[in-house]
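Numbering (the UniProt record's numbering), first residue to last: 1 to 425.
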């Protein structure tokens with residue numbers, strides 16, 4: 001059986017911990033999209049780790065961890081994370097890098113950085129990790145697969161073609177130094193031996209695991225709002241953040257996904273530019289940011305302060321809908337214990353009319369939040385694992401959110417550690 005774990009919102013929902021928790025009962029964990037542009041923070045018996053490329057099952061010796069074909073593989077980042085596991089005393093995990101996975105290279109990062117510079121005030125708020133240029137190349141059919149590293153003649157032709165195309169941009173649009181084919185080939189050769197112990201046929205492996213009745217977990221990066229098709233275009237990422245893409249990027253059959261676990265926070269947070277209807281500002285935002293998460297609301301990859309706001313039921317209902325949620329996990333409820341009152345955005349006012357349906361991006365900038373206010377519980381519930389022991393106001397808050405989003409909230413996370421979680425249903 002295949003279970004997918006994905007985000008309902010802008011990313012940063014706390015998926016890392018939940019993936020780590022579910023990986024404990026999984027045989028295979030597949031990272032199916034995205035690159036080193038966003039991270040999952042996990043606190044486990046070995047310490048605290050920020051994973052950007054590795055699947056979150058790497059802390060369990062019984063799991064096979066797959067980097068699927070939909071991933072933008074940044075090899076230096078991958079190797080650095082492996083080293084961080086070794087340095088932290090984590091036993092060497094079993095990893096398969098799918099032979100069809102494509103490589104994110106140094107020129108992708110350069111092009112990403114140059115484009116953000118060129119756009120200046122109209123920039124997308126990119127992490128400058130090379131993601132948009134990578135996926136542009138993939139769909140323009142000039143990407144390099146891991147398997148290509150072991151076929152030098154083919155690889156040299158690809159490198160020459162890439163340099164011809166990219167150097168036009170570098171010279172005439174960005175006015176930057178040109179790519180040297182020999183330098184790019186040398187970069188690729190430096191990755192060949194480093195990756196060799198991990199490269200395999202993940203597609204066949206996954207289908208064999210399914211035939212054997214193994215438990216497979218698809219791990220998504222970011223959330224619904226960042227999907228280039230159904231998210232807040234163009235302020236999205238360039239890979240598909242929805243569970244449905246796991247059938248491609250993780251090479252599992254659509255019929256095998258039986259459970260879609262969608263994660264959302266008890267408040268909202270986002271990194272990067274774009275519409276964010278329930279956003280808070282000033283001291284109110286800074287207080288929520290400081291109390292958020294394990295070390296405050298700062299990006300696991302960039303360290304940038306996250307934008308924060310009240311829970312957005314309109315966006316979350318939509319996010320759960322497009323993910324196909326079978327159950328929802330609510331995280332970081334413990335961070336709200338300081339508040340006398342808690343607001344929830346239950347509708348958007350657009351052109352004088354209130355809607356609970358999430359609008360297209362062209363209308364989103366006009367949306368004004370419509371709030372309902374609930375009483376806070378004014379106590380510390382961090383680490384509680386018995387849902388019946390929650391203060392009534394906290395349970396009322398969860399009931400209210402569930403009613404507004406229309407999907408069952410099964411688990412409520414009360415802290416960043418692996419087992420700080422309460423089963424609600």
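The beta carbon of each residue, even a glycine, is placed where N, CA and C say it ideally should be.
All figures in this text were calculated on a predicted structure; none of them were measured in a lab.
So, are the CB atoms of residue i and residue j less than 7 Å apart?
i: residue 2; j: residue 239; result: no
i: residue 376; j: residue 342; result: yes
i: residue 98; j: residue 143; result: no
i: residue 366; j: residue 381; result: no
i: residue 276; j: residue 270; result: yes
i: residue 43; j: residue 65; result: no
i: residue 36; j: residue 106; result: no
i: residue 264; j: residue 9; result: yes
i: residue 219; j: residue 31; result: yes
i: residue 33; j: residue 244; result: no
i: residue 221; j: residue 38; result: yes
i: residue 235; j: residue 282; result: no
Please report how far the alpha carbon of residue i lies from the alpha carbon of residue j, in whole angstroms.
i: residue 167; j: residue 178; result: 5 Å
i: residue 280; j: residue 70; result: 34 Å
i: residue 405; j: residue 173; result: 46 Å
i: residue 383; j: residue 394; result: 14 Å
i: residue 188; j: residue 224; result: 33 Å
i: residue 241; j: residue 87; result: 31 Å
i: residue 48; j: residue 17; result: 11 Å
i: residue 347; j: residue 317; result: 11 Å
i: residue 370; j: residue 227; result: 25 Å
i: residue 391; j: residue 145; result: 53 Å
i: residue 396; j: residue 192; result: 55 Å
i: residue 425; j: residue 209; result: 29 Å
i: residue 159; j: residue 345; result: 50 Å
i: residue 411; j: residue 398; result: 10 Å
i: residue 161; j: residue 152; result: 14 Å
i: residue 246; j: residue 252; result: 7 Å
i: residue 400; j: residue 204; result: 44 Å
i: residue 63; j: residue 258; result: 20 Å
i: residue 471; j: residue 389; result: The chain is shown from 1 up to 425; residue 471 falls before or after that span and cannot be answered.
i: residue 85; j: residue 414; result: 26 Å
i: residue 93; j: residue 197; result: 12 Å
i: residue 183; j: residue 163; result: 11 Å
i: residue 190; j: residue 137; result: 21 Å
i: residue 132; j: residue 139; result: 11 Å
i: residue 101; j: residue 165; result: 22 Å
i: residue 113; j: residue 181; result: 20 Å
i: residue 170; j: residue 110; result: 10 Å
i: residue 115; j: residue 213; result: 46 Å
i: residue 117; j: residue 418; result: 40 Å
i: residue 61; j: residue 211; result: 22 Å
i: residue 91; j: residue 122; result: 45 Å
i: residue 339; j: residue 287; result: 10 Å
i: residue 229; j: residue 335; result: 32 Å
Could you pull out every residue in the same chain whose Cβ sits closer than 6 Å to the Cβ of residue i, ignoring the five residues on either side in sequence?
i: residue 89; result: 46
i: residue 307; result: 270, 276 and 279
i: residue 304; result: 271
i: residue 233; result: 361
i: residue 373; result: 341 and 343
i: residue 363; result: 350
i: residue 254; result: 247
Am I right that residue i and residue j are in contact with their C-beta atoms under 8 Å? What's the rounded C-beta distance?
i: residue 73; j: residue 103; result: 5 Å
i: residue 324; j: residue 260; result: 5 Å
i: residue 488; j: residue 206; result: Because residue 488 is not part of the residues shown, which for the chain are 1 to 425, the question remains open.
i: residue 231; j: residue 267; result: Wrong, their Cβ atoms sit about 20 Å apart, outside the cutoff.
i: residue 195; j: residue 155; result: 13 Å between Cβ atoms; not a contact.
i: residue 6; j: residue 262; result: 6 Å
i: residue 217; j: residue 19; result: 7 Å
i: residue 134; j: residue 108; result: 5 Å
i: residue 337; j: residue 378; result: 7 Å
Identify, in the order they occur along the chain, each residue of the same chain with its Cβ nearer than 8 Å to the Cβ of residue i, setting aside the five sequence neighbours on each side.
i: residue 386; result: 422
i: residue 185; result: 155, 156 and 159
Beta-carbon within less than 7 Å of residue i's beta-carbon, same chain only, minus the 5 sequence neighbours each way: which residues are those?
i: residue 202; result: 66, 68, 96, 98 and 251
i: residue 408; result: 327, 328, 402 and 425
Contact the stretch 79-91 vs the stretch 41-57: 3+ CB pairs below 8 Å: yes
The stretch 9-24 in contact with the stretch 56-67 per 3-pair CB rule at 8 Å: yes
Segment contact flag, the stretch 308-315 with the stretch 354-366, C-beta cutoff 8 Å, min 3 pairs: yes
contact_flag[the stretch 316-333, the stretch 12-20] where n(CB pairs < 8 Å) is 3 or more: yes
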